[in-house]
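Throughout the sequence shown, residue numbering follows this note's numbering, covering 3 to 75 in sequence.
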Amino acid sequence: MAILKLVGMSKATCMRHVATVLHELKVPFKLVEVDLMNGQHKTPEFLMYQPFGVIPYIVRRISFEFLGYVHRP
């Protein structure tokens, strides 16, 4: 089950950096694709999480499962 939602454009370099780190740390996440060309990042539902309309950003669902996650190298 994905604990994090990674919101942005999958082709963007900054998005790929974040996704790569999450993959390397084996953190489960769900990718939420945003259509910048149509201004989807400026809609009220997206501005609720990122008031400046900047992507990528991460939405985290707090749960006991997440609180129990510890990264050990």
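Every residue, glycine too, gets a C-beta built ideally from N, C-alpha and C. Owing to the predicted nature of the structure, the values given are computational and were not obtained by experimental measurement.
**Prompt:** Which of helix, strand or coil does DSSP assign to I60?
**Reply:** strand
**Message:** Buried or exposed for G10, going by 16 or more other Cβ atoms inside 10 Å?
**Reply:** buried
**Message:** Can you give me the C-alpha to C-alpha distance between S12 and L33, rounded to a whole angstrom?
**Reply:** 8 Å
**Asked** Going by DSSP, which residues form a beta bridge with K32?
**Response** K7
**Asked** From what residue to what residue does the alpha helix (DSSP H) around M17 run?
**Response** 15 to 26
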